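Engineer: Quick note, our numbering runs 76 ahead of the 1-based positions in the sequence shown.
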Amino acid sequence: MEVSSHALRYFLAVARELHFARAAEALHISPPSLSQQILRLEQQVGRPLFVRTSRAVELTDAGRALVPLATRAVDAGAAVSEWIEQLERQAQPLLRLGFVVGMGGALTTRIIGEATRRIEGLRIEMQRLDFVNQLDALRERRVDAVFIPEEVQPIPHDVDVTVVYTEPRVLVVSDAHPLAGRRSVRLDETSAETYITVSGMTPERTDAWLVNPRPDGTRLRMGSQATDIEGIIELCAAGVGVNIAGAAVREAYSRPGIAFVPIDDLAPSRFVLCTRSDAFAGSALTTFVAIVREAAAAP
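(1) For the putative contact between residue 191 and residue 350, defined by C-beta atoms under 8 Å, what is the C-beta separation to the nearest angstrom?
(2) Three-state secondary structure (DSSP) at residue 143?
(3) Between residue 174 and residue 115, which are expected to be in contact by the criterion C-beta below 8 Å, what is the C-beta distance as a whole number of angstroms?
(4) Quick check for students: name the residue ranges of the beta strand (DSSP E) that lie wholly in the segment 176-229, counting only runs of 3 or more.
(5) With the cut-off set at 9 Å, would you say residue 255 and residue 150 are in Cβ contact?
(6) Would you list, in sequence order, the uninterrupted alpha helix (DSSP H) runs of no fewer than 4 residues that lie entirely inside the segment 223-303?
(7) Per DSSP, what kind of secondary structure is residue 317 in: helix, strand or coil?
(8) Looking only at its chain, what residues have a beta carbon closer than 7 Å to the beta carbon of residue 464, apart from the 5 residues adjacent to it on each side?
(9) How about the segment 352-367 and the segment 266-284: do they share at least three Cβ pairs that are nearer than 8 Å?
(10) Could you check whether the segment 237-248 touches the segment 310-325, counting it as contact only if at least three pairs of C-beta atoms, one from each stretch, sit closer than 8 Å?
(11) When you compare the segment 291-302 with the segment 231-241, are there three or more beta-carbon pairs, one atom per stretch, that lie closer than 8 Å?
(12) Find the nearest neighbour of residue 242 within the set 312, 261, 225, judged by alpha-carbon distance.
(13) Applying the 10 Å Cβ sphere with the 16-neighbour rule, what's the burial state of residue 305?
(14) Name the two residues that bound the continuous alpha helix (DSSP H) containing residue 363.
(15) Look at residue 385 and residue 196 and say whether their C-beta atoms are less than 9 Å apart.
(16) If the criterion is Cβ atoms closer than 9 Å, does the pair residue 79 and residue 117 meet it?
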């Protein structure tokens, strides 16, 4: 009897969520389809894997025993898929690079140029990611590496981090704002502002990036939201609120109507390259990471 990897993946989703509707949403399928898949798997196993009531879903003894086996099987299938992709890339290497805002300006431009010179036949595919759950694209193998500010998302243990550079952070304001003409500001001078936030970002991550509450205990006022950096810039330019960003945003998004004011007493942000810990050694990605480290270490 052969159990499909899809069935095991569906089983693990329900085992994680203990809720069929939430698991179906995470898998991007309908709840009835998920229920049918689980029922078919239970028929193959010959016993129930979940106890379902109107109030809760719980694993049976058989379901709990299957979780580690299914996890190993799904991980092994993913590793085989990655190996096959790696063989294909060796013939014509492809690097899929994800990014959120900017790309670090001249430094990352130089890194990408150096990679195309040193990796014969290299093709690069750039993928713009949103602010929320950028590392999902990495875990789901939709990209090979992701450039992100380290502070915007907790980095899981199975992801390797290479620091590309550190950058100061700036206050993003309308050029008509009273602080727009300043050479720099202190954090406490920005505590009374209304802040533009990222829709979908957790309150914990938002607070960590904006330093909320401030060291003196002041809680910030949150206002309008945007899904991407262009929306944030537009709202700030309109005077709807302010935002905090890495200094590279100034280079990438400067235009009339907006000002970027350095914040003196806010710790710099680290711009990092994230890769999967299980990436194959000797691949184009390995060489790319080495080039990033060389560039980061250079004066």
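Don't be surprised by glycine CBs; every beta carbon is placed ideally from N, CA and C.
Quick caveat, the model's predicted, so the values are computed rather than measured.
Structural biologist: This is what the structure holds:
(1) Not really, about 17 Å apart at Cβ, beyond 8 Å.
(2) helix
(3) Incorrect: roughly 37 Å between the Cβ atoms, too far for contact.
(4) 199-204, 221-225
(5) no
(6) 279-286
(7) coil
(8) What the structure shows of the chain is the stretch from 77 to 375, and residue 464 is not part of that stretch, so it cannot be assessed.
(9) no
(10) yes
(11) no
(12) 225
(13) buried
(14) 360-373
(15) Lying outside 77 to 375, the shown extent of the chain, residue 385 is not represented and no answer is given.
(16) yes
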